[in-house]
Amino acid sequence: MPLTPVIAIHLAAALAAVAIGPLALWARQGATQRPRLHRAAGYAWVTLMVATAVSAIFITGGPGPRWGSFGLIHLLIPVTLGMLVVSFIYLARRNVVGHRKTMLWIYVGACGVAGGFTLLPDRYLGHSLWSALGVV
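Just so you know, we're using the working numbering here: the sequence shown kicks off at -10 and counts up by one.
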């Protein structure tokens, strides 16, 4: 599978979200809290996650069971978008603990777990990485 513009957008948004997420989480930790930094990094992270999820709709192909042009990994699209909505509902209701937990779970699930699956040798990024390293 070649690097199409949609895959490039998806990859860039996902990698930026992986990088910015810890900043948003860190800015509200400890004795010195940085609400402006947290809000700015948080909005940037949410925008990147939405871009990642929406761009994933247009990416087809890949191994495994299919439903039309969608695979199992596409189930993360509505989950991610839905959890982002839930986190803002928590925030609107001033449930900071719920917001914090939801955002942490989105980061771990969408960036960590799903990101880990992209490094499998039969996926585009994984194949590119492992073949460049001479492993595959």
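From the three backbone atoms N, C-alpha and C, an ideal C-beta is built for every residue, glycine too. In this text the structure is predicted, and so the values were computed from the model without any measurement.
Remark: three or more beta-carbon pairs, one from each stretch, lie closer than 8 Å, so the region 67 to 77 and the region 31 to 48 are flagged as touching. Looking at the DSSP output, residue 59 sits in a beta bridge with 56.
Counting other Cβ atoms within 10 Å of its Cβ, residue 32 stays below 16 and is therefore classed as exposed. Per DSSP, residue 66 is one residue of the alpha helix (DSSP H) stretching across 65 to 81. Judged by beta-carbon spacing, residue 6 lies within the 9 Å limit of residue 99, meaning their Cβ atoms are closer than that value. A direct Cα-to-Cα measurement between residue 93 and residue 125 gives close to 33 Å.
Nearest Cα to residue 35 within the set 109, 63 and 11: 11.
With respect to residue 66, residue 45 sits close: the two C-beta atoms are nearer than 9 Å. Taking the C-beta atoms as reference points, residue 8 is found no nearer than 9 Å to residue 107. Looking at 29, 43, 21 and 96, the one whose alpha-carbon comes closest to that of residue -3 is 43.
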